[in-house]
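Taken in sequence, the protein lines are chains B and P.
So in the working numbering, the last spot in the first sequence is 285, and the numbers never skip.
So in the working numbering, the last spot in the second sequence is 120, and the numbers never skip.
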Amino acid sequence: AQSVTQLGSHVSVSEGALVLLRCNYSSSVPPYLFWYVQYPNQGLQLLLKYTSAATLVKGINGFEAEFKKSETSFHLTKPSAHMSDAAEYFCAVSRTNAGGTSYGKLTFGQGTILTVHP
Amino acid sequence: GAVVSQHPSRVICKSGTSVKIECRSLDFQATTMFWYRQFPKQSLMLMATSNEGSKATYEQGVEKDKFLINHASLTLSTLTVTSAHPEDSSFYICSASYGRGASDTQYFGPGTRLTVL
């Protein structure tokens, strides 16, 4: 079974500072990994996803994430935080069964609330 | 593109009544729709997966007779909470996907806040 762990339920940064949101995964098969963002009163929006094409994945709004198999990590970063980045961020892994079949189901991490201070 | 809507956005009902939540893909045909439940300060928990024209697949521990899912068309899925009780109060979120592959993106609705009195 696949799982993800997000380290830190709350992260606070100053505007212009580096954003680093941590996600570690557990999977016995090559994983597909996703980062979603949830703004207040809105649905989750895809930031980026890893599908084994390239280990460094660039997403929307200046975010990127690097897949590191040796560390089983998929941390999300942004060089310079903006006030509009304040939201809750979810890391997710696509489930596959023992035979490698997936039905598109996702397992989500606990979420990390990002606060950006002026 | 890939917009998903949910209706209603919030509903308050009395214990014992049934509530229906609609999930629509507005600008695409969704092969698969998913229903999640999110408790306060917790993550999304998948409840069930539905494909148009077939029975929904429920996750372990989810009562299929309590949470009825209908996926009548490629753009509409409904979740009916039957005989709702206060413990069913939660935030229900749907998502829709073009396919059923491991790398397919899910597009999420804004959620429905259910409060059962």
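Note that CB positions come from ideal geometry on N, CA and C, so glycine has one too.
Model, not experiment: these values are computed from the prediction.
Output yes if chain P places a C-beta closer than 8 Å to the C-beta of residue i; else output no.
i	result
residue 261 of chain B	yes
residue 218 of chain B	yes
residue 208 of chain B	yes
residue 213 of chain B	yes
residue 276 of chain B	yes
residue 257 of chain B	yes
Comparing the C-beta of residue i with each C-beta of chain B, is any distance below 8 Å?
i	result
residue 82 of chain P	no
residue 49 of chain P	yes
residue 105 of chain P	yes
residue 118 of chain P	no
residue 113 of chain P	yes
residue 7 of chain P	yes
residue 72 of chain P	no
residue 109 of chain P	yes
Going by DSSP, what residue range makes up the beta strand (DSSP E) through residue i?
i	result
residue 248 of chain B	Per DSSP, residue 248 of chain B belongs to no beta strand (DSSP E) and is neither H nor E.
residue 98 of chain P	93-100
residue 115 of chain P	115-119
residue 78 of chain P	Where residue 78 of chain P is concerned, there is no enclosing beta strand (DSSP E), given that its DSSP letter is neither H nor E.
residue 25 of chain P	22-28
residue 168 of chain B	Here residue 168 of chain B belongs to no beta strand (DSSP E), and DSSP marks it neither H nor E.
residue 255 of chain B	254-261
residue 51 of chain P	47-54
I'd like to confirm the pairing. Which residues does DSSP put opposite residue i in its beta bridges?
i	result
residue 86 of chain P	Answer by DSSP bridge pairing: none, since residue 86 of chain P is not bridged.
residue 33 of chain P	DSSP, once it has assigned bridges, lists no residue as partnering residue 33 of chain P.
residue 70 of chain P	P:84
Sorted by chain position, which residues of the same chain lie with C-beta nearer than 6 Å to residue i's C-beta, five sequence neighbours on each side aside?
i	result
residue 67 of chain P	61
Could you work out which residues of chain D lie near residue i, taking near to mean beta carbons separated by less than 9 Å?
i	result
residue 96 of chain P	In the displayed structure, chain D is absent; the protein chains listed are B and P.
Here's a check: name, in chain order, each residue in its chain whose Cβ is nearer than 8 Å to the Cβ of residue i, leaving out the five neighbours to either side.
i	result
residue 12 of chain P	113, 114, 115 and 116
message: For a minimum of 3 consecutive residues, which ranges assigned as the beta strand (DSSP E) are wholly contained in the stretch 170-237 of chain B?
response: Every beta strand (DSSP E) of 3 residues or more that sits fully in the stretch 170-237 of chain B is shown, in chain order, as 170-174, 177-181, 186-193, 200-205, 211-217, 223-225 and 231-235.
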